[in-house]
Amino acid sequence: MSRTGGGDEPLLEVRELCKYFSDGGGLLGGMTLDPEFPFLKRRHGDVRAVESVSFDINEGETLGLVGESGCGKSTLARTVLRLLEPTSGSVYFKGEDLASLSGEPLRRKRKDMQMIFQDPQSSLDPRMKVGPIVEEPMKAHGMLDEEGREARAKELLEKVGLDPQHYNRYPHAFSGGQRQRVNLARALSVNPDFIVCDEPVSALDVSIQAQVLNTMRDLQEEFDLTYLFIAHDLSVIRHISDRVAVMYLGRVVEIADKEELFENPRHPYTRALLDAIPVPDPRSEGRTALLTGDVPSPIDPPSGCRFRTRCPSLIQPAAYDMTDPEWANVVAFQRAVKRRSFEATNRTAIRDRHFADAKPRGEAGSVVDEAIGHVAAGEWAEAERLLTESFADRSVCATDEPAYEVSPTYGESRHYAACHLVRDDAVAAGEETRLPTSAGGTADGSVVGNEADD
Ligand SMILES: Nc1ncnc2c1ncn2[C@@H]1O[C@H](COP(=O)(O)OP(=O)(O)OP(=O)(O)O)[C@@H](O)[C@H]1O
Ligand code: SF4
Ligand SMILES: [Mg+2]
59 MSRTGGGDEP LLEVRELCKY FSDGGGLLGG MTLDPEFPFL KRRHGDVRAV ESVSFDINEG
119 ETLGLVGESG CGKSTLARTV LRLLEPTSGS VYFKGEDLAS LSGEPLRRKR KDMQMIFQDP
179 QSSLDPRMKV GPIVEEPMKA HGMLDEEGRE ARAKELLEKV GLDPQHYNRY PHAFSGGQRQ
239 RVNLARALSV NPDFIVCDEP VSALDVSIQA QVLNTMRDLQ EEFDLTYLFI AHDLSVIRHI
299 SDRVAVMYLG RVVEIADKEE LFENPRHPYT RALLDAIPVP DPRSEGRTAL LTGDVPSPID
359 PPSGCRFRTR CPSLIQPAAY DMTDPEWANV VAFQRAVKRR SFEATNRTAI RDRHFADAKP
419 RGEAGSVVDE AIGHVAAGEW AEAERLLTES FADRSVCATD EPAYEVSPTY GESRHYAACH
479 LVRDDAVAAG EETRLPTSAG GTADGSVVGN EADD
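Counting from 1, position 330 in the sequence shown corresponds to residue 388 in the working numbering; the numbering is continuous, with no gaps.
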């Protein structure tokens, strides 16, 4: 078993880390067309893969990192390890700023930080025998003599659950699970403190996954390892993690103790992910908020909360006073218009289709009527613009970036949630509660975004 919560000392401190990729590959080479204007607008076309991410990992613990494909998990992991150069922000490993290292000192530091990838097939050289594969990092770092390396490789093969006699076999003779064990032995060979595991069991059969995860937890205990464990599958994350960070479109949106995150999720995106776990759970009855809509482009992410274009709980603008069903219909109508997902017929049919049970009155009702008129006339773009400007863009979710610390119900670890819905529960940023930094928040850990007007 891994040590719950690990030690108290952070082994890794990540602060406001950003990684952008320049999008120079397209026809326009970094320039994008703005549909709002008929002329070419010069705009920075960077892929904002990781945006202002902050978190700690304590010695001996496992931080699980979860999120949909393309949300930036691998980019974050590689940037933390300085395999990718950060655009901005800091990474402290054992208190040392990795940005201050380069050349030989950085290479030496890398010995302490290893990485295991998803595809055990392609990460093992098919022309090399397993023994030399495991010995390679030791050789690169000048560890031990030849005899010593062979003895250590055999010992490690045994530790990871393989037969030391497999030393002379080629990777193709192994199953996927066994190949991932070879990768583990290889990573362990240089005696690291920290291992980033990027979807290490995702390519394996479910029955094999649990065995490899159990071996990883045993090894963590024996070798005092700290893991950053990436997966898109929350059941795997639940199996291995002490704490969990949830990522959406480049940002960490929630971070909490594992039990707190699974029993008391506060971010609508986390809730949607939990709902998607294909495990029958009587307590999950009534949780129906499934994710709809496409993930927006990381080149031009939504303002405020990046989840707002798909969020089932978008907050209505303070200027209106709609009932919940009225607001829900407005949001659903606006998204349907954006996606052009229904046929434009006459006003009555559109009204009946989208507002049969609850249609807003007053100013909001007038906007809806006008938008329905546009759609009935085939003026989709006008309807979309009117609805977006009148409703979506005026929500606090669009105008203010959420970042809150809440009191955890389970465990002692901090619970961070980037959602304005938790602002009433946010811990006051008094001296006694102040944290060194908040994930995605301000450097002094103060709560931002809680001066919203609705
Ligand atoms: N070298 C690169 N150049 C440009 N864009 C990149 C590059 N690497 C990643 N990206 C983009 O950055 C974003 C994050 O990608 P990343 O691979 O980190 O996501 P991920 O969460 O690991 O996804 P998956 O679950 O599929 O592995 C994506 O939009 C991706 O297209
Ligand atoms: S801030 Fe708004 S859009 Fe974002 S998750 Fe919370 S309610 Fe949804
Ligand atoms: Mg990835």
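All C-beta atoms, glycine included, are put in the ideal place defined by N, C-alpha and C.
- Remark: the C-beta of C255 is outside contact range of ligand 1, defined as less than 6 Å to any heavy atom.
- Distance check between P354 and each of T284, L307, A157 places L307 closest, using alpha-carbon atoms only.
- In the three-state scheme derived from DSSP, where H, G and I count as helix and E and B as strand, S110 is classed as strand.
- For secondary structure counted as the alpha helix (DSSP H) over 4 or more consecutive residues, the segment 408–446 holds these complete runs in sequence order: 420–434.
- For F287, the closest C-alpha among the options A450, T120, S160 is that of T120.
- Runs of the alpha helix (DSSP H) lying entirely within the segment 180–228 and spanning at least 4 residues, in chain order: 188–198, 204–217.
- By a beta-carbon distance limit of 8 Å, M173 does not contact S247. Their separation comes to about 13 Å.
- Bridge partners of I288 according to DSSP: L123, D256.
- Going by DSSP, K316 is part of the alpha helix (DSSP H) stretching over 316–321.
- Annotation for T137 indicates a beta carbon at 6 Å or more from all heavy atoms of ligand 1.
- For A314, the CB contacts under 6 Å within the same chain, skipping 5 residues up- and downstream, are H473 in chain order.
- Between I373 and R405, the CB-CB gap reaches or exceeds 7 Å.
- Closest in alpha carbon position to R301, among G130, E318, A289, R309, is E318.
- In the DSSP assignment, Y378 falls outside any beta strand (DSSP E), carrying neither H nor E.
- Relative to ligand 2, the beta carbon of L262 is positioned no closer than 6 Å to any heavy atom.
- When only Cα atoms are considered, H412 and G130 end up about 35 Å apart.
- If you ignore the 5 residues before and after L142, its C-beta comes within less than 7 Å of the C-beta of K77, T133, R136, all in its own chain and listed in chain order.
- Annotation for K131: no beta strand (DSSP E) segment contains it, though the alpha helix (DSSP H) segment containing it runs 131–138.
- Ligand 1 has no heavy atom closer than 6 Å to the beta-carbon of A414.
- When distances are taken from the beta-carbon of K131 to the heavy atoms of ligand 3, the shortest one is below 6 Å.
- Burial check for S127: the Cβ neighbour count within 10 Å stays below 16, so the residue is exposed.
- E257 and H290 have their C-alpha atoms spaced approximately 8 Å apart.
- When DSSP states are grouped into helix, strand and coil, F232 belongs to the coil group.
- With fewer than 16 other CB atoms across the displayed protein chains lying within 10 angstroms of its CB, L164 is exposed.
- For K152, the secondary structure class from DSSP, reduced to helix, strand or coil, is coil.
- The criterion of a C-beta distance shorter than 7 Å is not satisfied by V310 and V433.
- At a cut-off of 6 Å, the beta-carbon of A334 does not count as near ligand 1: no heavy atom of the ligand is closer than that.
- P460 has its Cβ nearer than 6 Å to a heavy atom of ligand 2.
- With a threshold of 16 other beta carbon atoms within 10 Å, P326 meets it and is buried.
- Judged by pairs of C-beta atoms under 8 Å, the segment 263–280 does not touch the segment 441–455, as fewer than three such pairs exist.
- Look at V248 here: in three-state DSSP terms it is coil, with no helix or strand label.
- At a Cβ-Cβ threshold of 7 Å, L262 and I298 do not count as neighbours.
- Distances between the C-beta of I373 and the heavy atoms of ligand 2 include at least one below 6 Å.
- By the Cβ neighbour-count rule, N241 is buried, with 16 or more other Cβ atoms within 10 Å of its own.
- 7 Å or more divides the Cβ of P375 from the Cβ of T367.
- Remark: the shortest separation between the CB of G128 and any heavy atom of ligand 1 falls under 6 Å.
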